[in-house]
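Let me begin by presenting the structure, written as structure tokens, before commenting on it.
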Amino acid sequence: MKIAIGCDHGGIELKLEIVKHLEERGFEIVDFGIKEYKSVNYPEIALPLAKAVANKECERGILVCGTGIGMSMAANKVKGIRAAVCSDHFSAKYTRLHNDANILCLGGRVIGPGVANEMVDLFIDTEYEGGRHATRVQMITDIENGNM
Ligand code: RB5
22 MKIAIGCDHG GIELKLEIVK HLEERGFEIV DFGIKEYKSV NYPEIALPLA KAVANKECER
82 GILVCGTGIG MSMAANKVKG IRAAVCSDHF SAKYTRLHND ANILCLGGRV IGPGVANEMV
142 DLFIDTEYEG GRHATRVQMI TDIENGNM
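Taking this note's numbering, the leading residue of the sequence shown gets 22, the next gets one more, and so forth.
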């Protein structure tokens, strides 16, 4: 699985920990930056990463900013993206099972690397359940396409 990752200055330290963890697990990482601390505008990182996930160049994405919120707001403007901000294990698992989320957004100023890496594992390893949830996820797509 090819995983896209990106961050702003609020998420750089946590992102580097996640990259290390994912590399140890053997995943192919596409890093949309930043690679070291510098002040950047999070939509400029979120947009190219979200496009790469939407067009299936990468199967999943992880975006880290101070809270995870700005990254999720920007990523969710791209058609086909279902980005979820999570701070707990249960949400990271269920946003895959029920929402078929394709981007996980994390707050580098909210959670530490131990919790974050376990959430990343759940997000990557959990398959979408489909079934009754497919109707609801389709409705999100319908809203996106102006069909609802
Ligand atoms: C940057 O200071 C901060 O605003 C950003 O990382 C993020 O938390 C926005 O949602």
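Cβ atoms here follow ideal geometry from the backbone N, Cα and C, with glycine treated the same way.
Restricting attention to alpha helix (DSSP H) runs no shorter than 4 residues, the segment 58–134 encloses them at 63–75, 90–96 and 110–118, ordered along the chain.
In the structure shown, Glu165 adopts helical secondary structure according to DSSP, grouped into three states. Counting the other Cβ atoms within 10 Å of the Cβ of Phe111 gives fewer than 16, which makes it exposed.
The residues Cys86, Gly87, Gly129 and Arg130, in chain order, have a CB closer than 7 Å to that of Gly31 in the same chain once the five nearest residues on each side in sequence are set aside. Not a single heavy atom of the ligand RB5 lies less than 7 Å from the C-beta of Cys107. Distances from the alpha-carbon of Tyr115 to those of Pro134, Val141 and Met92 put Val141 closest. The count of Cβ pairs closer than 8 Å, one atom from the segment 88–98 and one from the segment 54–61, stays below three, leaving the stretches out of contact. Here Asp109 is exposed, its C-beta having fewer than 16 other C-beta atoms within 10 Å. In this structure, Ile90 has its CB closer than 7 Å to one or more heavy atoms of the ligand RB5. Each residue's CA atom was taken as its position, placing Leu35 and Gly89 some 11 Å apart. According to DSSP, residue pairing for Lys23 in a beta bridge involves Glu49. If you check the C-beta of Gly54 against the ligand RB5, you find no heavy atom less than 7 Å away.
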